[in-house]
Ligand code: SF4
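Numbering (the working numbering), first residue to last: 5 to 298.
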């Protein structure tokens with residue numbers, strides 16, 4: 005009989021170093037709850053990150069992890085998934101990492117519908133480098149890098165961008181609601197195809213505008229308002245409610261899901277014979293292997 009994994013199984017001995025109250029705690033908590041609910045084998049889960057406060061996350065789970073370079077989590081995750089599609093590959097990072105430096109990689113992984121889950125802890129600021137404007141900082145917001153006129157650019161709209169780019173599961177969660185977040189993460193991992201969760205994750209130290217209270221006054225549930233996530237037009241209409249076009253109400257929940265769309269792994273001929281990582285090279289003898297490469 006298969007042994008059930010305890011929640012504790014997924015927690016590592018390394019304790020987070022985030023500031024007390026940081027929104028990233030909630031996402032970590034939600035992710036642990038989700039993989040526990042799914043009873044994923046820890047050795048078949050890989051968490052990949054780039055650089056930033058939130059990118060420290062792989063250290064706090066007792067799964068496999070890869071803490072890489074700034075903005076390069078997606079290519080590393082793509083390589084892992086293509087080498088062994090049987091793994092659950094989860095990317096975790098911040099808005100600067102995923103929507104700024106790594107945005108090109110993010111968009112291409114979406115259009116390929118690679119079967120990975122991307123969790124973006126969006127705090128609308130660069131926290132690790134002590135408070136510069138990020139790609140999702142609100143227009144007019146004064147930061148260390150925009151001290152006089154504030155931010156003069158429009159923020160990225162990650163939800164609309166993801167729907168338009170081919171992601172097949174697109175949702176937004178909030179660190180103030182771990183239960184909903186864990187549910188969204190669980191469904192994202194279960195989804196076959198590229199899943200993005202934009203998590204509103206307040207930086208309590210450097211972003212004094214987009215606080216827990218700011219969000220609590222504005223968020224509402226898409227599900228409670230009867231939104232149909234299989235309706236792309238309706239998903240776009242909800243997506244643009246925040247942060248670019250309107251600013252009063254912020255939708256939470258599942259915006260868009262397309263089921264049954266082939267993934268990149270389904271279509272890639274090189275994977276027809278199964279996971280490359282599990283195939284024999286016919287070079288198990290170390291001497292032979294050496295000769296092969298010399
Ligand atoms: Fe979290 Fe901000 Fe502290 Fe970084 S600086 S750990 S994002 S609260």
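Ideal Cβ placement from N, Cα and C applies to all residues, glycine included.
In this text, all values refer to a predicted model and were calculated from it rather than measured experimentally.
From the DSSP output, which residues share a beta bridge with residue i?
i	result
residue 20	Bridge partners of residue 20: none, in fact.
residue 261	173
residue 255	224
residue 199	121 and 173
residue 193	DSSP lists no partner for residue 193.
residue 51	69 and 94
residue 178	204
residue 15	65
For ligand 1, I want to know if residue i counts as a neighbour, meaning its beta carbon is within less than 6 Å of at least one of the ligand's heavy atoms.
i	result
residue 209	yes
residue 102	no
residue 127	yes
residue 22	yes
residue 131	yes
residue 203	no
Can you list, in chain order, the residues of its chain with a C-beta nearer than 6 Å to that of residue i? Leave out the 5 residues immediately preceding and following it.
i	result
residue 116	268
residue 68	50
residue 94	51 and 121
residue 186	34, 37 and 38
residue 20	64
residue 213	145
residue 11	40
Sorted by chain position, which residues of the same chain lie with C-beta nearer than 7 Å to residue i's C-beta, five sequence neighbours on each side aside?
i	result
residue 197	117, 119, 172, 173, 265 and 267
residue 218	none
residue 180	216, 219 and 220
residue 138	99, 100, 104, 128, 129 and 130
residue 237	none
residue 190	38, 41 and 42
By the three-class DSSP mapping on this structure, what secondary structure does residue i have?
i	result
residue 208	coil
residue 9	coil
residue 277	coil
residue 235	coil
residue 266	coil
residue 46	helix
residue 214	coil
residue 229	coil
residue 283	coil
residue 294	helix
residue 289	coil
Within a Cβ cutoff of 8 Å, which residues of the same chain sit near residue i, ignoring the five residues on either side of it in sequence?
i	result
residue 89	119, 269, 275 and 279
residue 224	253, 254, 255 and 256
residue 15	36, 64, 65 and 66
In chain order, each beta strand (DSSP E) run of at least 3 residues that lies wholly inside the segment 88-173: Listed in chain order, they are 92-98 and 121-126.
Contiguous alpha helix (DSSP H) assignments of at least 4 residues, all confined to the segment 54-87: You should have 77-87.
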